[in-house]
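Enquirer:
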Amino acid sequence: MTRALRVRRPLRSSEAISLGAVVVAGAFFFVLLSGHAQGLNGPSYWQWPWLPETPFDAREALALYAPPIVCFVVAQQLARKHRALALGALMACATLLMFAAQEVVTPDATWLERGGQIVDSLGAHSYYDEAQVVAQEPEWLARFPELMPRLRCHAPTKPPAILLLYTWLFRASSPSAQTARFVALALALLASCAVPMIYALARTLRQRPAAAFAAASLFSLVPALGAFWPSFDAVYAVMTCAQVITWHRALVTGHARWAIAFGLLVAIAWFVAYNFLILGAFLLLHALVESWRRRDRRVALPYLRALARPALLAAIVVATIVLFYAGLRALTGFDAIATFRTAIGIQDHLATGLDRPWERTIVYDLTDYALGMAWLPVVPAIVGACDAWRDRRRTFVLAMTCFAQPLIVAAIGIMPTETARTWILMMPFVLVPAGIEIARWRRSSRAVLYALTMLLSIAITRAMLFTAP
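Using our numbering, you'd call the opening residue of the sequence shown number 695 and step up by one each time.
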């Protein structure tokens, strides 16, 4: 009785190119990080400060990074037969890397103490402190546009949802070090939820389970999660995925309930942060692509007729958003339009004092965005898209639609600087195409990419200071 031989899959050309580029880029960026290369941490008008070099402590490194590495390896082993458990292990990996990133910055404080200090810091977080101020104001939601110029740091350019959440929290637990630490833990858990949400997003966009899991695996390793924990920016990726999923469902099924769900998610997202307005680029392009795919060539003007469905769905979405804010105003007196105008005015005033040349922000916004993902996932995303174009696969159109989102935002210059943080909500648009490509790789090739991405992620959070109390 002969044993069947396991045939090793040959290395495809796109895989070989990607893998070679990943290894070279990984070594290149690691050397630059080690030498604190000028420009790697940002342009002259905005830079992430370099942390002082500290002697490498093998014991400390083992204690900090062995648990997330074990979680990641376990997740890869469970991926085929126990997908839910594997995603849970990836969430644990992402959470532990967040804690480790803050532990190394302040050796004299634990990661939980530092997380609480950042939440309670006016300069880093501000919402926690400003919520205590607005809570003292009578009918503060109705008067929010009037109060905004008196707020500090991030709060005056944002809608009031985060402040409202804190005022509710303070009713149950008065502001204290313990409350701030609870918030930090909650933000870590919420940010890690982006892992299964990216998986769900890729599956919704008709990608194989292996591709969806690869995208989720990459997100669990990105340094931006740990670098900016605890912040709400890391949670925004969850809301991005939820909006794209419901919009896609609405386009595919034509059901009003999905359009209403999408409209509610958009309304809530705009109540949390105006950053989500930039997602209109992908959402519009995706609607056009889906309409093109569903056109009926047997009728006259097939594409125009196909556009009737997304137009009707968009009308339902707009009606849902209007009803949401009308109801909110009736209940609380909150004026969404006045708040938006005030926020834009404050943002414009703040921007006038900053020297941020538009032509330079285009390049540096994209490089800082890539820094937040440890650079390497960009390689398979681009090479995979080129390979899909050559083979005329459908994934090419999806990749181009995804890439258009950050490219359009960069070209317009609507949300410049600190993009490693502020563009976390757009990271799924690179990681999903990257996941599609690396799912076609051999297991050993994927392991190399994952290992180098984790190594660079750790090196980035040990080399630069991204947030501090």
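No residue lacks a Cβ here, since even glycine has one placed at the ideal position from N, Cα and C.
The model shown is predicted, which means the values in this text are computed figures rather than measured ones.
(1) Considering E797, what are the terminal residues of the alpha helix (DSSP H) in which it resides?
(2) Could you tell me which of R1023, G1039, L959, A1045 sits nearest to V1012, measuring between CA atoms?
(3) Whose CA, out of H1043, S911, A1153, V1057, lies closest to the CA of A783?
(4) Take the Cβ of G714 as the centre, count every other Cβ of all protein chains shown within 10 Å, and call the residue buried at 16 or more, exposed below.
(5) How far does the alpha helix (DSSP H) with M1148 in it extend, from its first residue to its last?
(6) What does DSSP give as the partner residues of W1069 in its beta bridges?
(7) Tell me whether W1117 sits in a helix, a strand or coil according to DSSP, three-state version.
(8) Could you give the DSSP three-state label for W923: helix, strand or coil?
(9) Are the CB atoms of C847 and P1122 within a distance shorter than 8 Å?
(10) Quick check: A1082 and A1064, are their CB atoms within less than 8 Å of each other?
(11) Could you tell me which residues DSSP puts in a beta bridge with W744?
(12) On the criterion of 16 or more Cβ atoms from any shown chain inside 10 Å, does P1127 qualify as buried, or is it exposed?
(13) By Cβ distance below 6 Å, which residues in the same chain neighbour P762 in space, the five residues on each side in sequence not counted?
(14) Closer than 8 Å is the cut-off here; do at least three beta carbon pairs connect the region 1125 to 1139 with the region 1064 to 1073?
(15) Compare the Cα-Cα distances from P749 to each of R1156, P850, V946, A1005 and report the closest residue.
(16) For V877, which residues of its own chain have a beta-carbon under 6 Å away from its beta-carbon, when the five flanking residues on both sides are left out?
(17) Ends of the alpha helix (DSSP H) at L959?
(18) Around the C-beta of G729, are 16 or more other C-beta atoms found within 10 angstroms, so that it is buried, or is it exposed?
(19) What three-state label does DSSP hand L772 in the structure shown?
(20) Counting C-beta neighbours from all protein chains within 10 Å, is the total for L895 16 or more, i.e. buried, or is it exposed?
(21) Using a 10 Å radius around the Cβ and a threshold of 16 neighbouring Cβ atoms, would you call E833 buried or exposed?
(22) Report yes if the C-beta distance between I1056 and G1107 is below 8 Å; otherwise report no.
(23) Hey, would you say P917 sits closer than 8 Å to I1154, going by beta carbons?
(24) Tell me whether A1030 is buried or exposed, calling it buried when 16 or more other Cβ atoms sit within 10 Å of its Cβ.
(25) Between the C-alpha atoms of R700 and K775, what's the straight-line distance to the nearest angstrom?
(26) In three-state DSSP terms, what is A698?
(27) Taking F722 as the reference, give the member of L1149, L1159, A950 with the closest Cα.
(28) Span of the alpha helix (DSSP H) holding S886?
(29) Quick check on this structure: which residue in A882, R865, Y1144 has the alpha carbon closest to the alpha carbon of P924?
(30) W862 to R1084, Cα distance in whole Å?
(31) Tell me the start and end of each unbroken alpha helix (DSSP H) in the region 1026 to 1107 that is at least 4 residues and wholly inside, in chain order.
(32) L982: which of A1105, W941, M1120 sits nearest, CA to CA?
(33) Rounded to the nearest angstrom, how far is the Cβ of I892 from that of F913, given a contact under 8 Å?
(34) Suppose you measure from the CA of C1096 to the CA of R1003; what does that come to, to the nearest Å?
(35) Buried or exposed: which applies to I939, given that a residue is buried once 16 or more other Cβ atoms fall within 10 Å of its Cβ?
(36) Between which residues of its own chain and A908 is the CB-CB distance below 6 Å, once the five residues before and five after are set aside?
Expert: In terms of the structure at hand:
(1) By 1-based counting over the sequence shown, the position of residue 797 is 103. Here the alpha helix (DSSP H) through E797 covers 777 to 797.
(2) Residue 1012 sits at position 318 when you count from the first residue of the sequence shown. It is L959.
(3) Position 89 of the sequence shown, counted from the start, is the residue given in the question as residue 783. It is S911.
(4) Translated into positions along the sequence shown, residue 714 becomes position 20. Looking at its Cβ environment, which holds fewer than 16 other Cβ atoms inside 10 Å, G714 is exposed.
(5) Here the question's residue 1148 lines up with position 454 in the sequence shown. Counting along the chain, the alpha helix (DSSP H) containing M1148 begins and ends at 1137 to 1157.
(6) By one-based count along the sequence shown, residue 1069 stands at place 375. Its beta-bridge partners do not exist; DSSP assigns none.
(7) The residue given as residue 1117 occupies position 423 in the sequence shown. Looking at W1117 - three-state DSSP - the assignment turns out to be coil, as it is neither helix nor strand.
(8) Locating residue 923 in the sequence shown gives position 229, where the first residue counts as 1. DSSP places W923 in coil when its eight states are reduced to three.
(9) The residue given as residue 1122 occupies position 428 in the sequence shown. The residue given as residue 847 occupies position 153 in the sequence shown. Going by C-beta atoms, P1122 is not nearer than 8 Å to C847.
(10) Stepping through the sequence shown from its first residue, residue 1082 is reached at position 388. Stepping through the sequence shown from its first residue, residue 1064 is reached at position 370. Not a contact, by the Cβ cut-off of 8 Å.
(11) Translated into the one-based positions of the sequence shown, residue 744 becomes position 50. Partner(s): M1158.
(12) In the sequence shown, counting from the first residue as 1, residue 1127 sits at position 433. By the 10 Å Cβ count, P1127 comes out buried.
(13) The count along the sequence shown starts at 1 and reaches residue 762 at position 68. Around P762: C787, L790, L791.
(14) yes
(15) The sequence position of residue 749 within the sequence shown is 55, counting from 1. When only C-alpha atoms are compared, the closest one is R1156.
(16) For the purposes of this step, residue 877 is taken as the residue at position 183 of the sequence shown. Hits under 6 Å: V813.
(17) Against the sequence shown, residue 959 aligns to sequence position 265. Here the alpha helix (DSSP H) through L959 covers 950 to 966.
(18) Looking up residue 729 in the sequence shown gives position 35. Exposed.
(19) Start at 1 with the first residue of the sequence shown, and residue 772 comes out as number 78. L772: helix per DSSP, three-state reduction.
(20) Locating residue 895 in the sequence shown gives position 201, counting from the first residue. By the 10 Å Cβ count, L895 comes out buried.
(21) For the purposes of this step, residue 833 is identified with residue 139 of the sequence shown, where counting begins at 1. Exposed, because fewer than 16 other Cβ atoms sit within 10 Å of the Cβ of E833.
(22) Within the sequence shown, numbered from 1, the residue matching residue 1056 stands at position 362. Within the sequence shown, numbered from 1, the residue matching residue 1107 stands at position 413. Closer than 8 Å, so yes.
(23) Residue 917 sits at position 223 when you count from the first residue of the sequence shown. Residue 1154 sits at position 460 when you count from the first residue of the sequence shown. Closer than 8 Å, so yes.
(24) Within the sequence shown, the letter at position 336 stands for residue 1030. It is buried - the Cβ of A1030 has at least 16 other Cβ atoms within 10 Å.
(25) For the purposes of this step, residue 700 is taken as residue 6 along the sequence shown, with counting starting at 1. For the purposes of this step, residue 775 is taken as residue 81 along the sequence shown, with counting starting at 1. For R700, the pLDDT reaches just 47, beneath the cut-off of 50, and the residue's location in the model is therefore unreliable, leaving the point undetermined.
(26) The residue you call residue 698 lines up with position 4 of the sequence shown. Low local confidence applies: a pLDDT of 44 at A698 is under 50, so the model's placement there is unreliable, with the coordinate-based value given in what follows. Correct three-state label for A698: coil.
(27) On the sequence shown, residue 722 is found 28 positions in, with the first residue counted as 1. Residue L1149 is the option with its Cα nearest to F722.
(28) Start at 1 with the first residue of the sequence shown, and residue 886 comes out as number 192. Note, S886: alpha helix (DSSP H), 871 to 886.
(29) Along the sequence shown, read from residue 1 onward, the residue named residue 924 stands at position 230. Comparing Cα positions, the closest option is A882.
(30) What you label residue 862 is simply residue 168 of the sequence shown in a count that begins at 1. What you label residue 1084 is simply residue 390 of the sequence shown in a count that begins at 1. Distance between the alpha carbons of W862 and R1084 is about 54 Å.
(31) 1030 to 1046, 1052 to 1065, 1072 to 1085, 1089 to 1106
(32) Reading the sequence shown from its first residue, position 288 is the one you call residue 982. Of A1105, W941, M1120, the residue nearest in Cα terms is W941.
(33) The residue you call residue 892 lines up with position 198 of the sequence shown. The residue you call residue 913 lines up with position 219 of the sequence shown. With 8 Å as the limit, I892 and F913 qualify as a contact, their Cβ atoms being about 5 Å apart.
(34) Within the sequence shown, residue 1096 is the residue found at index 402, counting from 1. Within the sequence shown, residue 1003 is the residue found at index 309, counting from 1. Those two C-alpha atoms are separated by around 22 Å.
(35) Mapped onto the sequence shown, residue 939 falls at position 245. With 16 or more other Cβ atoms within 10 Å, it is buried.
(36) Indexing the sequence shown from 1 puts residue 908 at position 214. Closer than 6 Å at Cβ, skipping near neighbours: G1129, I1132, A1133.
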